[in-house]
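In our numbering, the protein residues as written are 21 to 283.
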């Protein structure tokens, strides 16, 4: 099988963007507080990631609200929280069985929002698609099935591409396809984070790319539309956006570490 991920990594401008993001993550991973409190940083990052993913779905919520009492009951927020909480247990399965993990992510994301029969199942003909980012008409169910099979094949094959590129393509494909019709953004962003964990860029899940995408929200949908064109320039634009979001997420987690240092 052609190493499609490596071909994306070779596009103009991608290498420099990936290198910048990698430097930001490496700076974070070298923080001394992680020697003894990495689990706490990961937990805080997960909460911030859930908040950011919900906001990108059009449901803003404060961290104080998420921490206090029973918290908000909105299905988007609850779905984002469930997904974020379970990501760590899915990393080992992700490379071997990505379709299985995507189904599980959708069950977690949409449990309060869709019929049980639709949980974890790609959408069928005529099924509504929630278009939060105003992306327009989604691909047909037949195209969704074909491209999910292709993505799964790529994820279970060797590649020389860096984790950031693989994660960005996963995110871009899933949001372009909108395979489930509801909760696709939550699933796509979780899959990006899962890829960064599983492929060794951030093995302890200390960064939340969702936070970076929320910080760059004004460019998020435009970058995704560029990816959806399928042109080399459009795909490179999206990879650059995802790399920038990863760097922003690393800086946010660096701030978490500094806050813990201050007590």
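Glycine included, C-beta positions come from ideal geometry on N, C-alpha and C.
In this structure, residue 273 and residue 227 form a Cβ contact; the two beta carbons are roughly 5 Å apart against a cut-off of 8 Å. Residue 101: member of the alpha helix (DSSP H) spanning 95-114, first to last residue. Closest option to residue 240, judged by alpha-carbon separation, among 162, 191, 225, 270: 191. Each residue's CA atom was taken as its position, placing residue 48 and residue 38 some 16 Å apart.
Rounded to whole angstroms, residue 159 and residue 142 show a C-alpha spacing of 12 Å. Cβ atoms of residue 25 and residue 181 come within 8 Å of each other, at about 4 Å. Judged by beta-carbon spacing, residue 129 lies within the 9 Å limit of residue 99, meaning their Cβ atoms are closer than that value. Annotation for residue 173: the continuous alpha helix (DSSP H) segment containing it runs 161-175. Under the rule that a run must span 4 or more residues, the alpha helix (DSSP H) segments found entirely inside the segment 26-67 read 34-49. Here the C-alpha atom of residue 209 lies approximately 16 Å from the C-alpha atom of residue 80. Cβ neighbours of residue 91 within its own chain (closer than 7 Å, five residues either side excluded): 85.
Secondary structure of residue 280 (DSSP, three-state): helix. Here residue 186 has 25, 179, 215, 219 as same chain residues with Cβ atoms under 7 Å from its own Cβ, once five neighbours each way along the sequence are excluded.
In this structure residue 283 is exposed. Its beta-carbon is surrounded by fewer than 16 other beta-carbon atoms within 10 angstroms.
Rounded to whole angstroms, the Cβ separation of residue 232 and residue 265 is 3 Å, and the two are in contact under 8 Å.
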